[in-house]
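**Student:**
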Amino acid sequence: MQQGFRGQTVFHTDGDFRKYLRDMRELREELGVRIYAWCLLSNQVHLLLDPGPDPEALPEFMKALSLRTTRYRNRRRQQNGSLWEGRYRSSPVQTGYWFLAALRGIELQAVVHGEAAHVGSYRWSSYRERMGRAEPYCLDLHADYLALGRTDEERQESYRLLIRQGQSEQEWRHIELALRRSQPIGDDMFTQSAAIKASRTVTSRNRTRPRSRKS
1 MQQGFRGQTV FHTDGDFRKY LRDMRELREE LGVRIYAWCL LSNQVHLLLD PGPDPEALPE
61 FMKALSLRTT RYRNRRRQQN GSLWEGRYRS SPVQTGYWFL AALRGIELQA VVHGEAAHVG
121 SYRWSSYRER MGRAEPYCLD LHADYLALGR TDEERQESYR LLIRQGQSEQ EWRHIELALR
181 RSQPIGDDMF TQSAAIKASR TVTSRNRTRP RSRKS
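For the sequence shown, the UniProt record's numbering assigns the number 1 to the initial residue and increments by one for each residue that follows.
This is how it looks when you write it as structure tokens:
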């Protein structure tokens, strides 16, 4: 998740939204990042991404996307300055139950923030493409979503039921808190495993980092 600096509007016109989506599609193809869900609000973006075999593809993707958007805004509005509120927030997501919770949580953001009355009426999320109501553009289908049915129609109907059910207060709180703290989204076992893995990664990087020479 990434939001505008001090809550400022990021997308003023339809052209602004479309430009972000074009950049997202180009970088997806360039870096091999998979996009499982997205929702662009007037002052923030929510993405569910998979960097693939190279974890560094994710920060590279977000950095390039943020920079392109900032340059586009500054050029169009003839101004300089920050567009985004610092670095994006990210959390690893457990597959299965919590993946589907994160998926529909992202596509429901426009309704939650009052920018749409219904998820199906909002143009700037992946929901319409998922439901076959928009041309395929930049959406990848995760195995957990594909497992909802044997055909596109069965999967779409199963997912509509999940959307109608919404999310429990417990799910919303868990995801929101995890994002705020950049912690894993999942059960206790997944959270502990992700923390151990992250600690080992940091330790490994510190060991391989060249030592500075003293003069």
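Beta carbons: idealized from backbone N, C-alpha and C, even for Gly. No experiment lies behind these values; they were computed from the predicted model shown.
Fully enclosed by the region 114–145, which alpha helix (DSSP H) runs are 4 residues long or longer?
**Tutor:** Complete alpha helix (DSSP H) runs here, min 4: 127–130.
**Student:** Using CA atoms only, rank isn't needed, just tell me which of ASP16, MET1, THR95 and GLN109 is closest to THR69.
**Tutor:** The candidate whose alpha carbon is nearest that of THR69 is ASP16.
**Student:** By DSSP's criteria, GLN3 is part of a beta bridge. Which residues make up the other side?
**Tutor:** DSSP, once it has assigned bridges, lists GLN44 as partnering GLN3.
**Student:** Assess, as a yes-or-no matter, whether the region 26–45 is touched by the region 97–108 under the definition of 3 or more beta carbon pairs within less than 8 Å.
**Tutor:** Counting Cβ pairs under 8 Å, three or more are found: they touch.
**Student:** If you reduce the DSSP assignment to three classes, tell me which class TYR88 lands in.
**Tutor:** TYR88: coil per DSSP, three-state reduction.
**Student:** With a CB to CB cut of under 6 Å and the five nearest residues on each side skipped, what residues in its chain are close to HIS46?
**Tutor:** If we look at HIS46 and ignore the five residues flanking it on each side, its Cβ neighbours are MET1, CYS39, ILE106 and GLN109.
**Student:** Closest to THR9 by C-alpha separation, out of SER82, ARG133, LEU58 and LEU67, would be which residue?
**Tutor:** With distances taken between Cα atoms, THR9 lies closest to SER82.
**Student:** Are there three or more Cβ pairs, one per stretch, closer than 8 Å when the region 138–151 is compared with the region 168–181?
**Tutor:** The region 138–151 is not in contact with the region 168–181.
**Student:** Indicate whether ALA101 and GLU171 have their beta-carbon atoms separated by less than 7 Å.
**Tutor:** Cβ distance < 7 Å, so ALA101 and GLU171 count as in contact.
**Student:** For ALA37, does the three-state DSSP call read helix, strand or coil?
**Tutor:** Here ALA37 sits in strand by DSSP.
**Student:** Which same chain residues, not among the five before or five after ARG73, have their C-beta less than 7 Å away from its C-beta?
**Tutor:** Excluding residues within five positions, the ones whose Cβ falls inside 7 Å are LEU83.
**Student:** Apart from the five residues on each side of it in sequence, which residues of its chain come closer than 8 Å, Cβ to Cβ, to ALA117?
**Tutor:** The answer, listed in chain order, is VAL111.
**Student:** Measuring straight from C-alpha to C-alpha, what distance separates SER168 and GLN78?
**Tutor:** Taking the straight line joining both Cα atoms gives about 44 Å.
**Student:** By Cβ distance below 8 Å, which residues in the same chain neighbour LEU146 in space, the five residues on each side in sequence not counted?
**Tutor:** ARG155.
**Student:** By DSSP's criteria, ASP50 is part of a beta bridge. Which residues make up the other side?
**Tutor:** The partner list for ASP50 (beta bridge, DSSP) reads ARG34.
**Student:** Mind checking LEU161: buried by the 16 CB within 10 Å criterion, or exposed?
**Tutor:** The residue in question, LEU161, is exposed, as its Cβ has fewer than 16 Cβ neighbours within 10 Å.
**Student:** For VAL112, name the three-state secondary structure that DSSP assigns.
**Tutor:** Note: VAL112 maps to helix in three-state DSSP.
**Student:** Need the endpoints of the alpha helix (DSSP H) that residue 216 sits in, please.
**Tutor:** Since the first residue of the chain shown is 1 and the last is 215, residue 216 is not available in this structure.
**Student:** Relative to the C-alpha of SER90, which residue among LYS63, GLN165 and GLY96 is closest?
**Tutor:** SER90 has its Cα closest to that of LYS63, out of LYS63, GLN165 and GLY96.
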